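Each remark here refers to the structure printed beneath this line.
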Amino acid sequence: MDWKSYYLNRLMSSDEAIGFIKDNDKVVFAHDVGEPPVLVEALVRNAKRFRSVEISHMFTLGSGAYSWPEYKDNFHLNAWFVSGPIRDNISRGRGDYTPMYFHETPSLIREGTIGVDVALIMVTPPDERGKVSMGVSCDYTVQAVKTAKTVIAQVNDRVPFTYGEAVLNVCDIDAFVEFNQPLPVLPPAQIGEIESRIGKNCASIIDDGACLQLGIGSIPDAVCHELVHKKHLGIHSEMLGDGVVKLYEEGAIDNSLKQIDKGKFVFNFVMGSQKLYDFCDKNDTCMLMPVDYVNDPRVICQNDNVVSINGGLAVDFYGQVAADTIGYTQFSGVGGQVDFIRGAAWSKNGKSIIAMPSVTVKKDGTKISKICPLLSEGSVVATSRHDVDYIATEYGIVRLKGLSIRQRAKALISIAHPDFREKLEESYMKMFKEEN
2 MDWKSYYLNR LMSSDEAIGF IKDNDKVVFA HDVGEPPVLV EALVRNAKRF RSVEISHMFT
62 LGSGAYSWPE YKDNFHLNAW FVSGPIRDNI SRGRGDYTPM YFHETPSLIR EGTIGVDVAL
122 IMVTPPDERG KVSMGVSCDY TVQAVKTAKT VIAQVNDRVP FTYGEAVLNV CDIDAFVEFN
182 QPLPVLPPAQ IGEIESRIGK NCASIIDDGA CLQLGIGSIP DAVCHELVHK KHLGIHSEML
242 GDGVVKLYEE GAIDNSLKQI DKGKFVFNFV MGSQKLYDFC DKNDTCMLMP VDYVNDPRVI
302 CQNDNVVSIN GGLAVDFYGQ VAADTIGYTQ FSGVGGQVDF IRGAAWSKNG KSIIAMPSVT
362 VKKDGTKISK ICPLLSEGSV VATSRHDVDY IATEYGIVRL KGLSIRQRAK ALISIAHPDF
422 REKLEESYMK MFKEEN
């Protein structure tokens, strides 16, 4: 059977397609922007047809309705990352969170530790060869497709055709639902004075020719803003965002000095503006690759001068970083933070930075120092004191690697918010029994 006949024979409505899902199945959604809205909506709309279907994914931009209490007998959420739509339900025990290093996810799927009966994905329309691209999500999604007993795809002409290992044959997919809709886009990051100062502090230790890993949000974009005058930067990053496109347009990025994948942007998912998606479309310099390649520290370190920049929620005097929990609340997930910190540590002249504002401002205006003597009760260490390298706030950047605990505490106090330094000094004296 030729690919066109195969495709047309498996074209159906979303309600028909989710009929492939059976009670007790383990269903994995494509990651982030790659999550297929029309299929997820059909799943929830037909909830009464299912019993005890387990749903798993990393970051979701959808409503997370399958975790609502009215569907507790139909669906069970086992998330690998906690984002806004599901955070409250996870904290209320309406779902589970399973921690894992991002780069390990595909191997856990391959070996069967994570079961996948059905994969729900989103792809481009087939090209003249019968090929489709997952466009914005390769990460663990490509392994879910390879392992799943059934693959159901939303076909959306707004998905960019991205190369690398994101390209599938239509015969890899069991059911197709055509539904065109705009991809989720993120509003432009708001870069204020604090973010700008953090960006400057991070950029101060980034040299020409560095190979960058950048996340999402105002701080990574602020860093990019400060790098426009650099030369021959490269990208090997978990995520591709808008700040990178700007640096490419300004001539700061050309990927020419990378030791592996020279001349290529390497990433495992993309999230941002429509301009970003258009940049990726049929761009042979963009390689969308699985996360067990992109995030594997053994791969990352093959490039020299790797600089990873990630966020933190708190850091204590020992250098322990909490990045995904606030007390007992599972706020997000560790993602690729540790993957890239370790990859940067093994890279020749590599550096890793945890960048964050010095304080958290609560809704009532109360400020809480993110630099603290000890992490709060219930907070989980994401980056250990043995892995931590640089910490940056709007008040400076310090390197903790190679420093004693006392030296670390002093260095961190120096970049804490001035309103908290006196109290932090008092805690330092008590913890380390120093006399005035």
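Residue numbers (my numbering): 2 to 437.
Note that the Cβ used here is the ideal one computed from N, Cα and C, for glycine as well.
Here the structure is a predicted model, which means the values were calculated and not measured.
Taking all protein chains shown into account, decide if residue i is buried (16 or more other Cβ within 10 angstroms of its Cβ) or exposed.
{"i": "G328", "result": "exposed"}
{"i": "D365", "result": "exposed"}
{"i": "C172", "result": "exposed"}
{"i": "R343", "result": "buried"}
{"i": "N350", "result": "exposed"}
{"i": "E427", "result": "exposed"}
{"i": "I261", "result": "exposed"}
{"i": "T61", "result": "buried"}
{"i": "D26", "result": "buried"}
{"i": "T384", "result": "buried"}
{"i": "T114", "result": "exposed"}
{"i": "L9", "result": "exposed"}
{"i": "Q214", "result": "buried"}
{"i": "K431", "result": "exposed"}
Just to confirm, is the Cβ distance from residue i to residue j under 7 Å?
{"i": "F177", "j": "R11", "result": "yes"}
{"i": "I110", "j": "L78", "result": "no"}
{"i": "C212", "j": "N304", "result": "yes"}
{"i": "D253", "j": "K276", "result": "One point to set straight first is that residue 253 is Ala, not Asp, in the sequence displayed. Cβ distance not < 7 Å, so A253 and K276 don't count as in contact."}
{"i": "N269", "j": "D140", "result": "yes"}
{"i": "S138", "j": "G35", "result": "yes"}
{"i": "G193", "j": "L289", "result": "no"}
{"i": "H233", "j": "G200", "result": "no"}
{"i": "V54", "j": "A120", "result": "no"}
{"i": "M123", "j": "Q144", "result": "no"}
{"i": "S370", "j": "F421", "result": "yes"}
{"i": "L187", "j": "G65", "result": "no"}
{"i": "A149", "j": "V117", "result": "yes"}
{"i": "G313", "j": "F103", "result": "no"}
Report all residues from its chain with a CB closer than 7 Å to the CB of residue i; omit the five preceding and five following residues, and keep chain order.
{"i": "P70", "result": "R95"}
{"i": "D208", "result": "N306"}
{"i": "S353", "result": "S309, F341, I342, A345, A346, D390 and Y391"}
{"i": "I195", "result": "P358 and E395"}
{"i": "D3", "result": "none"}
From this set, the options, which residue's C-alpha is nearest residue i's C-alpha?
{"i": "D158", "options": "N170, I414, V335 and D282", "result": "D282"}
{"i": "P189", "options": "Y102, G85, I217 and A211", "result": "I217"}
{"i": "S15", "options": "S92, A43, Q214 and I416", "result": "A43"}
{"i": "L241", "options": "F280, R386, E395 and K5", "result": "F280"}
{"i": "S321", "options": "V300, V339, T330 and F332", "result": "Per the sequence shown, residue 321 should be read as Gln rather than Ser. Nearest of V300, V339, T330 and F332 to Q321, Cα basis: V339."}
{"i": "I22", "options": "G397, E395, D420 and D175", "result": "D175"}
{"i": "R50", "options": "L62, Y72 and K431", "result": "Y72"}
{"i": "P37", "options": "N47, A80, T125 and D26", "result": "T125"}
{"i": "D388", "options": "G403, L376 and F162", "result": "G403"}
{"i": "P1", "options": "A315, T330 and R400", "result": "The structure shown does not extend to residue 1, since the chain spans only 2 to 437, so no value can be given for it."}
{"i": "N445", "options": "Y429, L425 and I416", "result": "A query on residue 445 cannot be resolved here, the shown segment of the chain reaching from 2 to 437 and no further."}
Can we count residue i as close to the ligand HEM, meaning its CB is less than 6 Å from some heavy atom?
{"i": "I174", "result": "Ligands are entirely absent from the displayed structure, and the ligand HEM is therefore not among its contents."}
Leaving out five residues before and five after residue i in sequence, what residues of the same chain have Cβ atoms less than 8 Å from its Cβ?
{"i": "E105", "result": "D293"}
{"i": "K132", "result": "V168, L169, N170 and V171"}
{"i": "S257", "result": "H233, G235, K263 and G264"}
Near residue i, which residues of its chain fall below 6 Å by C-beta distance, leaving aside the five closest residues on each side in sequence?
{"i": "H32", "result": "M59, S138, D140, T142 and F270"}
{"i": "L413", "result": "I372"}
{"i": "R407", "result": "F433"}
{"i": "A18", "result": "I153, A176 and V178"}
{"i": "S68", "result": "L78, I87, N90, R95 and G96"}
{"i": "L220", "result": "The identity of residue 220 in the sequence shown is Ile, whereas the question assumes Leu. For I220, where only same-chain residues beyond five positions count, the Cβ hits under 6 Å are E196, I199 and A356."}
{"i": "K368", "result": "V360 and V362"}
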